[in-house]
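Sequential numbering from 0 applies to the sequence shown in numbering that gives the first Met the number 0. Even glycine gets a Cβ: it sits at the ideal position worked out from N, Cα and C. Fair warning: this is a prediction, and the values are worked out from it, not measured in the lab.
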Amino acid sequence: MPGTGYCNKKCVLGWTHNCCAKISGDHIVSASVLRVLNEQKITISSQSGSREHSIRSSALTVKKLCRRHNSALSVIDAEAARLFKGFVSINAHLSEGTDGQRLYFFHGTDIEHWLLKTLLMVFYSKQSNITPDKFQLPRYAISPFRYELDKPFGLYVPTQTNANDLGRFQTEATASVALITKGPLVCGVNVTLGGLPLTLLIDGEGSDFVSLLKTHTYRPKNLLFFKNDQVFCIGFAFSNGSSSDIWFSHGDANATLPSN
Ligand SMILES: [Zn+2]
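Set out below in structure tokens:
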């Protein structure tokens, strides 16, 4: 798509010189995702505390994207909505023992881009203590919208809740977003929607990733949700991901993995 050659100074993607003149208001968590989850409240937190907001609060709308960039990013909003919708549906089928769509497939980069967009929107909304006057984004934080993040940056999914447990999951009527900081730098975001926790790291040092990998998997290939012999799968395609699967037992942490 040819660029417009125009930089809207209020748009966080202005550096791409592909803006339009109109600024649009966007919810910090895409409206399409919230509709899937039917959440009424969202918790926004940082290391120093958290605040709960009604999702209808106008304070959660940020004007940091021009209309052209906002509509270009609606594709990744739709993919994130599809992901959380799939997760909710899988949970319902496992709870009720019913059958349904068993395999969902995503381009992992779309999900990372959505997490990055959420990080930026929460940062600029100033609804946590992590605000642009006190904290900085990494220098290249915004360019990954065009590129894939280099290893070890990107998506992390928790593997287990306790040392010997399988991952356990449940859907919860909560939505939370927490910015991750190190010193004055915003280096990532934790987003938990409907019980599915996702982490995106865009900065950090080697030791940060070593400790995170004890409890998380980097760019997992498949999230496999099971109860008895019923298995549902959310798969991710990454050009530079891991080949690891994460098994999540529905409810019972001591469940044995299903046999083929
Ligand atoms: Zn723009």
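Exercise. What residue does the beta strand (DSSP E) around S262 start on, and which one ends it?
Worked result: Look at the range of the chain in this structure, 0 to 259, and you will see that residue 262 is not part of it.
Exercise. Do L154 and R218 have their C-beta atoms closer together than 9 angstroms?
Worked result: Yes, they are a contact pair.
Exercise. So does T42 have its beta carbon nearer than 8 angstroms to some heavy atom of ligand 3?
Worked result: Summarising the ligand content, the structure contains ligand 1 and does not contain ligand 3.
For this session: State the Cα-Cα distance for the pair V121 and W14, rounded to the nearest angstrom.
Result: Approximately 20 angstroms between the Cα atoms of the pair.
For this session: Have a look at S73, C65, K150 and flag the residue whose alpha-carbon is nearest the alpha-carbon of F237.
Result: Among S73, C65, K150, the Cα nearest to that of F237 is on K150.
Exercise. When the Cα atoms are used, what is the spatial distance from P257 to S94?
Worked result: Their Cα atoms are separated by approximately 17 angstroms.
Problem set entry | Residues near L197 in its chain [Cβ-Cβ closer than 7 angstroms; skip 5 each side] | For L197, where only same-chain residues beyond five positions count, the Cβ hits under 7 angstroms are L114, L154, V156, V190.
Problem set entry | Cβ separation of D76 and V32, assumed to be a contact under 8 angstroms, to the nearest whole Å | About 7 angstroms; that satisfies the 8 angstroms criterion.
Problem set entry | G24 beta carbon near ligand 1 (any heavy atom closer than 8 angstroms) | False, no ligand heavy atom lies under 8 angstroms from that Cβ.
Problem set entry | For K220, the nearest candidate out of K84, G234, D228 (CA to CA) | Among K84, G234, D228, the Cα nearest to that of K220 belongs to G234.
For this session: Report the three-state DSSP secondary structure of I233 (helix, strand or coil).
Result: Assignment of I233 by DSSP, reduced to helix, strand and coil, places it in the strand class.
Exercise. Just how far apart, CA to CA, sit N128 and A177?
Worked result: Distance between the alpha carbons of N128 and A177 is about 11 angstroms.
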